[in-house]
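Below you'll find the structure, written out as structure tokens, and then a few comments.
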Amino acid sequence: MIRIATDIGGTFTDIALDAGGRLITGKVLTTSAAPEQGVLQGVRQLLAEADVAPGAVGLFLHGTTLATNAVIERKGARTALVMTEGFTDTPEIGREHRFDQYNLYLEKPAPLVPRELRFGLRERVDADGGVVEALAQTEIVRVADLLRESGATAIAVCLLHSYANPAHEEQLAAGLAQLLPDVSVSLSCRVSPLIGEYERCSTTCANAYVQPLVASYLSRMQEGLRDLGIAAPVLVMMSEGALASVETAAQLPVRLIESGPAGGAMLAAAVARRLGRDRLVAFDMGGTTAKICLIENGRPTQESSFEADRVYRFKKGSGLPLRIPVVELVEIGAGGGSIARVDGAGRLLVGPESAGADPGPACYGRGGTRPTVTDADLLLGRITAARFAGGRLALDRDAAARAVGGALADALGLPVDPSAAAIAEVVEEAMASAARTYAAEKGCDLGGWTLLAFGGAAGLHAAGVARRLGIREIVLPPNAGVGSAIGFLVAPAAFTVKRSAFAPLAGLSPASVAAIRQAIREEAQTMLQSLGDLDDAEESWMVDLRYSGQGTEITLPLAPDPIETLADRLRDIFEAEYHRRLGLLPQGVPIEVAAWSLTITLRVEPTDVLATRPAAAVTAAPGEALLYDLDTGTHQAATLAERAAMPAGGALRGPALLVEDHTTLVIPPGMAARCDAEGFIVLRSEGDAA
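So in this note's numbering, spot 2 of the sequence shown is number 414, and the numbers just go up one at a time.
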């Protein structure tokens, strides 16, 4: 079956076409104003290059930054919020935690829904799900009139304790469907049925805020694909690293927040399993951001929460909390388009502001004048201008020199080339510092790990980042420049449902466990039923446990034990894990079950796109390039080689550039790259290369 995967980034849109053992890739500039246009342009080009008829495409996979950008740029729908009367200030109150206790001018994240668009509803459900005050039909009509007058095009509903009893939210939704049929409605009992009023509210508001935008975008893209002659099913990458239907994505667009980066994590996990690397650092550097993810035993870490639109980019708690399943990674504003500047203290800073695709770096010749990482890389000789973005985008070296050598170089008091080198060193240190901090938080020493580099700019900076982290081995997979798109091709179709259901572990009855698990299973199956055979699907259960009175839980995998012995088994596992993490066990404190979650994964026919070499191997004698050496401060002769011409077992010593259509690997002096039998490039210091 012919499959196409597309990943929209902040600067480039990546496309990969899998034609049964033949993988063809491409890059086009992202069309920010209408993202689907860039996708359709790239697909059209790739189909022509591959000589594949549009009607032959059997599956279309897609990842997008649309939801993320809408939240960050505050360009979503005019959204109203309905909450239980007396609780409409919850989005402002948030949590009492101060993420920076010494900052007297602390800025908190602004709610997506302003106060004048929040409406109280007279109803009440208690924490056990009992109805304290019934919801009257007259109350629904009253609130509907207020919503109509507000001009809202999207509505978020978050009633108190709806995770325990969703009846009032469902009743309100039914009434609004009749009274306001053209307005989209997001219910917290469907979006995030978890305890934690503030987080549940924030997640539901974000879902409502981006829903009209995402639904319209996906509809336009499907229409554009049909106009091209592609009638294949469309699956969308979710933040947890799984593919879902367009209908699911339109219903739960908040789960697309980390859509593209999740694809990169899936690629890294597949490569780790393929090469037998138990500990791998996924380093994905594109045009706008760099992402770092730790892969252990062939799996990325999964989390059940995420922060969007942080006021202080690297401070936890300064963003909008979203309770969604997500691949755990750290993302920093360090990409090829990241803008360099000198602050008032004379410090050189790079990012997080990016030139994006329009106007882009100065060397793109599209009107950009501010110096970026890509401009610096071009001046340092790391980029071969004729091969950039597959040769489809001409680069202007003189424009890059003007951008770097202008006000920036003057402020630094350096010539052009040392200024460019300073930009490269600052951005590499920023990425390494983020990875170092992230690893320390996870209790990991990265010295014995492998760095997997992918994304258009990762190969240019992988050696510098690895050196700073003490990592001795770098792997560049085939078609590394479009790594996240290829990650879509190896990702499964799956869906995760998590639901709060508090109960004392000692009083857990087989009947109650069976009931909650069946309800969760039916919800997950409903989301997946259009994608494949559920009879052969794989189920993975997790359970959240805590000691009574605690505010945080430990999530544990749930083995397929008989329900009758489940409580005893969970107690033993929880106590062992609690002691491992904290070194103590509270005595006489009861254990509680806080939540259950299920991931259903559909079984698919295995396809091998990881070791697929470029569509057409080339025969090219090594050439020569001038590569700036950071130690000597001079340009030195370096070997220029084509990756597609490198045979299995072939080696290339630094200084060298290994060039392919959508990325370049910089091999510094003292290091050597070797091509293994499947086309993976392994870079080590020369003493370790054997």
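For every residue, glycine included, the Cβ atom is placed at its ideal position computed from N, Cα and C. Quick caveat, the model's predicted, so the values are computed rather than measured.
- Residue 1022 carries a coil assignment under DSSP once its states are collapsed to helix, strand and coil.
- Inside the segment 1043–1096, DSSP marks whole beta strand (DSSP E) runs of 3 or more residues at positions 1046–1054, 1063–1065, 1068–1071, 1076–1079 and 1083–1087, from first to last along the chain.
- Nearest to residue 831 by alpha-carbon distance, out of 869, 1046, 538 and 667, is 1046.
- Here residue 495 is buried: its Cβ has 16 or more other Cβ atoms, across all protein chains shown, within 10 Å.
- For the 8 angstroms CB-CB criterion, residue 1076 and residue 704 do not form a contact.
- Nearest to residue 643 by C-alpha distance, out of 1006, 466 and 891, is 466.
- Here DSSP, grouped into helix, strand and coil, assigns residue 633 to helix.
- Residue range 671–687 is occupied by the alpha helix (DSSP H) that includes residue 678.
- For residue 864, DSSP records a beta bridge to 694 and 887.
- Listed in chain order, the alpha helix (DSSP H) runs fully inside the segment 436–519 are 447–462, 478–485 and 502–505, counting runs of at least 4 residues.
- The beta carbon of residue 761 sits closer than 8 angstroms to those of 752, 753, 754, 755 and 838, all from its chain and outside the five residues before and after it, given in chain order.
- If you look at residue 1040, you'll find it in the beta strand (DSSP E) that goes 1035–1041.
- Excluding five sequence positions before and after residue 624, the CB atoms of its chain that fall closer than 7 angstroms to its own CB belong to 489, 565, 566 and 596, given in chain order.
- The beta carbon of residue 780 sits closer than 7 angstroms to those of 767, 771, 772, 773 and 774, all from its chain and outside the five residues before and after it, given in chain order.
- Here DSSP, grouped into helix, strand and coil, assigns residue 429 to strand.
- Here DSSP, grouped into helix, strand and coil, assigns residue 583 to helix.
- Between residue 527 and residue 551, the C-beta gap is not smaller than 8 angstroms, which leaves the two residues out of contact.
- The Cβ atoms of residue 650 and residue 682 lie no closer than 8 angstroms to each other.
- With a beta-carbon spacing of about 6 angstroms, residue 975 and residue 926 fall inside the 8 angstroms limit used to define contacts.
- For the pair of segments examined, the segment 872–882 was found not to touch the segment 941–959: the number of CB pairs separated by less than 8 angstroms stays below three.
- In the DSSP assignment, residue 1011 falls within the unbroken beta strand (DSSP E) covering 1003–1013.
- In the three-state DSSP reduction, residue 896 falls in the helix class (H, G or I).
- Nearest Cα to residue 473 within the set 1048, 972, 1059 and 900: 900.
- In the DSSP assignment, residue 954 is bridged to 969 and 1009.
- Counted as a single uninterrupted DSSP element, the beta strand (DSSP E) harbouring residue 708 occupies residues 702–708.
- Under DSSP, residue 655 takes part in a beta bridge, and its partners are 649 and 905.
- Fewer than three Cβ pairs drawn from the segment 478–485 and the segment 500–520 lie within less than 8 angstroms of each other, which leaves the two stretches out of contact.
- The C-beta distance from residue 811 to residue 777 rounds to 6 angstroms, short enough to fall under 8 angstroms.
- Excluding the 5 residues flanking it on each side, residue 1080 has same chain C-beta neighbours closer than 7 angstroms at 875, 1066 and 1067, in chain order.
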